[in-house]
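So the protein lines, in turn, are chains A, B and C.
Residue numbers for the first sequence follow our numbering, beginning at 1 and rising by one.
Residue numbers for the second sequence follow our numbering, beginning at 1001 and rising by one.
Residue numbers for the third sequence follow our numbering, beginning at 2001 and rising by one.
Even for Gly, the Cβ is constructed at its ideal location relative to N, Cα and C.
This report refers to the structure that appears directly beneath it.
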Amino acid sequence: MSQDTTPESSVADRVAAEALIVDVDGFEGPLDLLLTLSRTQKVDLREISILALARQYLAFVERARQLRLELAADYLVMAAWLAFLKSRLLLPPDPEEDGPSGAELAAHLAFQLERLEAMRKASARLMARDQLGRDFFARGITQDVTRVRRVTYTATLLDLMQGYARIRTRDDFRPFVLDRDNLMTMEDALGSLRKLIGFAGDWTDISSYLPAGWTDDPQRRRTATAATFAASLELVKEGRLELRQSETFAPIQLRAREGRP
Amino acid sequence: MTDEPGLFKAPPIAEQERMVEALLFATADPMTPAQLAGRMPHGCDPVTALAGLRKRYDGRGVQLVRVGDAWAMRTAPDLGYLMSHEVTETRKLSRAAIETLAIIAYHQPTTRAEIEEIRGVSVSRGTIDQLIELDWVRLGRRRMTPGRPVTFIVTQTFLDHFGLESARDLPGLKELRSAGLLDNRPQPGGEPEEDDGQEQLFGD
Amino acid sequence: MTDEPGLFKAPPIAEQERMVEALLFATADPMTPAQLAGRMPHGCDPVTALAGLRKRYDGRGVQLVRVGDAWAMRTAPDLGYLMSHEVTETRKLSRAAIETLAIIAYHQPTTRAEIEEIRGVSVSRGTIDQLIELDWVRLGRRRMTPGRPVTFIVTQTFLDHFGLESARDLPGLKELRSAGLLDNRPQPGGEPEEDDGQEQLFGD
C-alpha cells in the first residue's frame, strides 16, 4: 500500500481516524458530524470559524479515503460543497461572479449548525420534562359505570387511507376491457356492407353506408366510419367494390364493381 | 404514630395525605393501608392520612371509599347519572363502509353511482345510512346532471374524528405509496396517470 | 352564564364543581369544556367550575391541569417516585425520532423538507409513522406552496404527555424565537427547490 509510507498514516493517527470514522455510523449525517467537529473549537457557535471547520471536515474525509473506507454520498457532497466554500472564503471576491459571497454561505452554515444545536438542546429539555405515565399519572381506574350500552363505530385515519389505497390499487390492475356497446368491429361493418353493395350501382358517399344508430353520437360515428372504411378496403381487395376520392379529404365514394354483382 | 424512632423523620401528615391521594388516584386497584405504607417513605402512617383524606373529600364529587380492607376513590354515587351515557362500545367500521367513506372523502362531492363505479360493486343502502348516522357524511348539493343525483360530502365531525383540518389534507396516492400503504407492485405500463388523477381531485 | 332563562335552573356552582370533578375523575382522557357541558345539566358553566376546581386542587396530590383546550386530572409530578410501580414501559424513541418530534413541536406546522433541512439528513419513513402512531403528531393543513406539501403538527396527546398547557409553553420557545432559530431561513443564493425536495421524498 503506497499510503503506508505517508507520515499521516502512522499507527496512532490511523487509530484515531478510524475511531472517528467508525463513529460515522453514529452520526446523523454530515451536519451532525460538522456540529461534533465544531465542538473542538470550543467557541460559541456564533463565533465559529467556518474556514477551520471546513478544513477539519475535509481532513476527515481525506483520512477516510486513505483508510479506504466508504463514506455515504451525502458526506462526500458536503465535502465538495465545503471545498467550494473554502475557496470562496480564501479568494478575494470576484466582482464578475454572481451568487452569494463566501461570507454569506459561511454565515448560513453557521446558522444551520446553531439551529441544529438549538433543536438538540430543545429535544433534550423536552424529554427531560415530567412525562405522563412516568412522572405524573392519569386516573388508574376508569369508571365502572357500564349500564347504558351504545355501539359506536370507529375507524382510524390509517384505515381510511389503506381503504382508499386498496381500491385505487385494485383499479390499477383491473384488466383492460373494451366497451363493446360503442364499438363497431370490421366484421360488423363487413356484414352490413356486403348486404348493401348489391344496390350500389352508382358512386355513393361511404358515409351513407353507416348503419342507423351509429351516426349521431360522435364516438359511435367515429368507430362506425373507421370500421366501414376498413371493410370497404377488404371488399376492394376481394374485387367486389371500387373506391374513389377526388382529392385529399374529399368524401370517399364507393360502388359495386362492374360485372361482379 | 410510628413506633420506631427511625433514622428519617416521616413527612408531615399533610404531605402524607397528598401521597395517599396520588397513589389511590393512579393505581387501578383499591389499596390496603399496608400496601400504601409499602409505597410511602419510611415512618408514614397511611391510616391517619386516609382518615384525613376521607374528611377532605366528604361531600365532593369524588369520595374515598372502603372496599373490604382496602381503599379506593370513586365518583360520588349521586353523580352516577352524569356518567351513565358514557359507556359506549366501539366497533371497527366494516370494510365496505371504510372504502365508501374513503371514496367520499377523496372524491367529494360524489354520487352513489360514482362510488359504485370506483368500488366496482354496488353500495348497500345501509352503508351510507351508517356513515350519515355517524355524522361523518352528509348530503351535498345535487349534481346538475340528468336525474340530478344527490351527492355526498364529509362533515366537520369527520374531520375532527380523523384529525384533519380539511379533506384536502388527506395524503395523495403518491404519499400513500411512499408511506408503504400502497403495495409497490410493478405497474403494468407505468403509473404516470395516478398522480394526475389525484391532482384533479385536489386541484382547483 | 346562560342566556336562556330555561325551564330548569342551573345547579349551584358548588354542585357544578362536583360534577366536573366526578366527570374528570371518571375518564383518563382530557375533556374540553364543551364536552363537559354536554354531560352536565342544561345551563351549567364548566369554565367557571373548572376555575374553582383548579384552585381547590392546588397543592394537592392530584391536580387539575390544562391540556390544550381540554382539562384533565393528573397526579402531582413531585410524587411520581411513589408510583414507580405504575410506570408503563414506553417504547424507547430513537434519537432521530426525538429530534424530529422536537422540530415538529417547535416549528409547527412544518413539512418533511423543513425537518430534513434542519437535521441535515433525510427523515426515514418509520420515524414520522412512529410519532403518528404514538398520537403525538398529526397531519396539519397543506402548505400553500408548490407541491402543496403536507405539514405536521403536535397533538393534544403530546401536550398531555409532556404536561404542557399549550405548544406555546414549550421550554425555551421564546428564546429560540427571539434568537431567530425558528426562522425558515433559506440558503443564500437560493436553492428554491425546497418543495421539490418535498416531492422527491414522497416520490419513489
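Around the CB of Phe2162 (chain C), 16 or more other CB atoms lie within 10 Å, so the residue is classed as buried.
Segment contact: the stretch 227-235 of chain A against the stretch 182-189 of chain A, three or more CB-CB distances shorter than 8 Å; contact assigned. Contacts between Glu2021 (chain C) and chain B, judged by CB atoms closer than 9 Å, involve Arg1060, Gly1061, Val1062, Thr1075, Ala1076, Leu1079 in chain order. Put simply, of B:Ala1037, B:Arg1018, B:Glu1175 the residue whose alpha carbon is nearest the alpha carbon of Gly1052 (chain B) is B:Arg1018. When Cβ-Cβ separations below 8 Å define contact, Arg134 (chain A) makes no contact with chain B. Excluding the 5 residues flanking it on each side, Thr1155 (chain B) has same chain C-beta neighbours closer than 8 Å at Asp1135, Trp1136, Val1137, Arg1138, in chain order. Secondary structure within the stretch 2126-2188 of chain C: the alpha helix (DSSP H) runs of 4 or more consecutive residues, fully enclosed, are 2156-2161, 2173-2178 (chain order).
Between the stretch 1041-1058 of chain B and the stretch 1018-1028 of chain B there are three or more C-beta pairs closer than 8 Å, enough to call the two in contact. Around the beta carbon of Arg1095 (chain B), fewer than 16 other beta carbons lie within 10 angstroms, which makes this residue exposed. In terms of Cβ geometry, Ala72 (chain A) and Tyr57 (chain A) do not form a close pair [threshold 8 Å]. Under the 8 Å criterion on CB atoms, Val2047 (chain C) is classed as non-interfacial with respect to chain A. Within chain C, the residues whose beta carbon sits less than 7 Å from that of Gln131 (chain A) are His2161, Phe2162, listed in sequence order.
For Glu114 (chain A), the C-beta contacts it makes with chain C under 7 Å involve Leu2181, in order along the chain.
Chain B places no beta carbon closer than 8 Å to that of Arg2054 (chain C), leaving this residue out of the contacts. Counting only Cβ-Cβ distances below 8 Å, Val2150 (chain C) has contacts in chain B at Asp1169, Pro1171, Glu1175, in chain order. In the DSSP secondary-structure assignment, Phe136 (chain A) is bridged to A:Leu132. For chain B, the residues of the stretch 155-166 of chain A that bring a beta carbon within less than 8 Å of one of its beta carbons are Ala155, Thr156, Leu157, Leu158, Asp159, Leu160, Met161, Gln162, Gly163, Tyr164, Ala165, Arg166, in chain order. For Ala2070 (chain C), no chain A residue has a C-beta closer than 7 Å to its own C-beta; the minimum C-beta separation is roughly 13 Å.
At a C-beta separation below 8 Å, Ala1102 (chain B) has no neighbours in chain C, since its nearest C-beta there lies roughly 15 Å away.
Ranked by how close their Cα comes to the Cα of Gly163 (chain A), the residues B:His1107, B:Val1121, B:Arg1148, B:Thr1100 have B:Thr1100 in first place.
Close to Leu1134 (chain B), with beta-carbon spacing below 9 Å, lies no residue of chain C; the smallest spacing is near 17 Å. In the three-state reduction of the DSSP assignment, Lys1092 (chain B) falls in the strand class. For Phe2025 (chain C), the chain B residues whose Cβ falls inside 9 Å of its Cβ are Phe1025, Gly1061, Val1062, Met1073, Arg1074, Thr1075, in order along the chain. By the rule that beta-carbons nearer than 8 Å mark a contact, Leu105 (chain A) touches chain C.
As for any beta strand (DSSP E) of minimum length 3 sitting wholly inside the stretch 1026-1095 of chain B, the runs are 1062-1067, 1070-1075, 1088-1092, ordered along the chain. When C-alpha distances from Arg194 (chain A) are compared across A:Arg125, A:Ala83, A:Arg257, A:Pro95, the shortest belongs to A:Arg257.
With contacts defined as CB atoms closer than 8 Å, Arg1141 (chain B) and Thr1111 (chain B) fail to qualify as a contacting pair. Per DSSP, Gln1108 (chain B) lies in no alpha helix (DSSP H) and is assigned neither H nor E. For Ile197 (chain A), no beta strand (DSSP E) segment is defined; the enclosing uninterrupted segment is the alpha helix (DSSP H) at 186-197.
Secondary structure of Glu47 (chain A) (DSSP, three-state): helix. In the structure shown, Gln253 (chain A) adopts extended strand secondary structure according to DSSP, grouped into three states. Using a Cβ-Cβ cut-off of 8 Å, Ile1098 (chain B) counts as an interface residue toward chain A, since at least one Cβ of chain A sits closer than that to its own. For Ala2028 (chain C) against Ala138 (chain A), the beta-carbon gap comes to about 4 Å, under 8 Å, which counts as contact. When 7 Å is used as the limit between beta carbons, Thr1110 (chain B) is near no residue of chain A, the shortest such separation being about 13 Å.
The beta carbon of Ala2105 (chain C) sits closer than 8 Å to those of Val2154, Phe2158, Ala2167, Leu2170, all from its chain and outside the five residues before and after it, given in chain order.
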